[in-house]
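Visitor:
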Ligand SMILES: C[S@@+](CC[C@H](N)C(=O)[O-])C[C@H]1O[C@@H](n2cnc3c(N)ncnc32)[C@H](O)[C@@H]1O
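In my numbering, the protein residues as written are 3 to 264.
So this is what it looks like as structure tokens:
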């Protein structure tokens with residue numbers, strides 16, 4: 003890693019607009035920076051659930067004036083790993099999309115295989131694979147959707163460090179690591195894999211140069227950076243939730259309440 007200070011947008015100005023429970027929470031700063039860096043015209047997510055990762059991509063697009071669209075594909079029924087959930091999950095995602103991202107988001111409530119026909123080959127700039135996490139399912143999703151990614155486009159894989167139960171994204175990603183040139187893995191949280199499809203005219207940015215440098219020291223420091231960035235974001239959120247009126251040091255006479263209302 004060069005001695006130049008890396009000070010990405012997630013540290014400068016990112017405040018998550020949507021926060022729901024998801025193991026994706028560890029990768030929000032990276033997702034925000036990646037979208038800001040590569041400025042995708044077409045984003046597709048396979049596996050949306052309550053939309054934490056999806057709406058992070060959308061937020062980065064809107065806040066950085068990126069002229070693109072984002073497709074969220076999910077049956078919104080749940081799967082063997084999330085368990086089944088009720089319709090309120092979809093309703094909530096739909097409402098958030100309408101309120102904040104009207105005109106740039108499309109929710110396709112269907113199975114991944116059914117959605118394939120809606121996308122041209124070599125068209126997707128950023129694909130996120132986050133459906134069922136068995137080895138077979140991840141392999142199938144990748145095989146079906148990789149042709150849809152444009153040369154030079156990026157594919158993200160969530161849960162590449164999760165080795166519980168029959169999770170197998172980690173195993174499939176290890177196979178890709180052995181055969182793919184431009185590939186990178188964040189180890190923190192449940193892991194996030196990043197792959198760039200060969201060819202085309204890849205967007206060259208400070209972040210993509212760090213991701214695909216192939217230099218062990220640069221890779222190590224990038225991993226450390228985004229692990230710290232996730233902790234920093236969470237600590238900052240917690241600090242903001244801490245209100246003076248809850249504190250033993252809160253001013254007496256209701257000033258804490260007044261401060262909150264102002
Ligand atoms: C791990 S969750 C997605 C998590 C989400 N990306 C986040 O930020 O928290 C997986 C989702 O994929 C969906 N899913 C799994 N297999 C699917 C398939 N073949 N077609 C459509 N949806 C699927 C499930 O309904 C579930 O909502």
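Ideal Cβ placement from N, Cα and C applies to all residues, glycine included.
#1: From 70, 23 and 95, pick the residue whose C-alpha is nearest to that of residue 76; which is it?
#2: Count the other C-beta atoms from every protein chain shown that fall within 10 angstroms of the C-beta of residue 152, then say buried if there are 16 or more, exposed otherwise.
#3: For residue 260, which residues from the same chain have a beta carbon less than 7 Å from its beta carbon, with the 5 sequence-adjacent residues on both sides left out?
#4: For the region 123–132 and the region 83–97, state whether three or more C-beta atom pairs, one from each stretch, are separated by less than 8 Å.
#5: Starting from the C-beta of residue 143, find all residues in its chain whose C-beta is less than 7 Å away, skip the five residues before and the five after it, and write them out in chain order.
#6: Thinking just about the alpha-carbon of each residue, which of 22, 59, 194 and 170 is nearest to the one in residue 40?
#7: Measuring straight from C-alpha to C-alpha, what distance separates residue 253 and residue 240?
#8: Please identify the residue among 10, 104, 194 and 68 whose C-alpha is closest to the C-alpha of residue 179.
#9: Which residues in the same chain have their Cβ closer than 7 Å to the Cβ of residue 107, if we skip the five residues on either side of it in sequence?
#10: Could you name the residues of the same chain whose beta carbon sits closer than 6 Å to that of residue 121, not counting the 5 residues immediately before and after it, in chain order?
#11: Report yes if the C-beta distance between residue 187 and residue 157 is below 8 Å; otherwise report no.
#12: On the DSSP letters alone, give me the boundaries of the beta strand (DSSP E) that residue 130 sits inside.
#13: Would you decide whether residue 109 is buried or exposed? Buried here means 16 or more other CB atoms lie within 10 Å of its CB.
#14: What do you reckon, is the C-beta of residue 132 under 7 Å from a heavy atom of ligand 1?
#15: Suppose you measure from the CA of residue 19 to the CA of residue 6; what does that come to, to the nearest Å?
#16: Classify residue 154: buried if its beta carbon has 16 or more other beta carbons within 10 angstroms, exposed otherwise.
#17: Three-state secondary structure (DSSP) at residue 152?
#18: From residue 216 to residue 83, what does the alpha carbon distance come to, in whole angstroms?
#19: State the DSSP-derived secondary structure class of residue 9, mapped to helix, strand or coil.
Guide: Judging by the given coordinates:
#1: Considering only alpha carbons, the answer is 95.
#2: buried
#3: With a pLDDT of 33 at residue 260, under the threshold of 50, the modelled position of this residue cannot be trusted; read the value that follows with caution. If we look at residue 260 and ignore the five residues flanking it on each side, it has no Cβ neighbours.
#4: no
#5: 48, 114, 131 and 133
#6: 59
#7: Confidence in residue 253 is poor, its pLDDT being 47 and thus under 50, which makes the residue's placement unreliable; the coordinate value appears in the next sentence. Cα-Cα distance, rounded: 21 Å.
#8: 194
#9: 60, 72, 74 and 99
#10: For residue 121, same chain residues with a beta-carbon under 6 Å away, outside a window of 5 residues either side, are 150 in chain order.
#11: no
#12: 126–131 is the extent of the beta strand (DSSP E) around residue 130.
#13: By the 10 Å Cβ count, residue 109 comes out buried.
#14: yes
#15: 30 Å
#16: buried
#17: strand
#18: Counting only the Cα atoms, residue 83 lies some 33 Å from residue 216.
#19: coil
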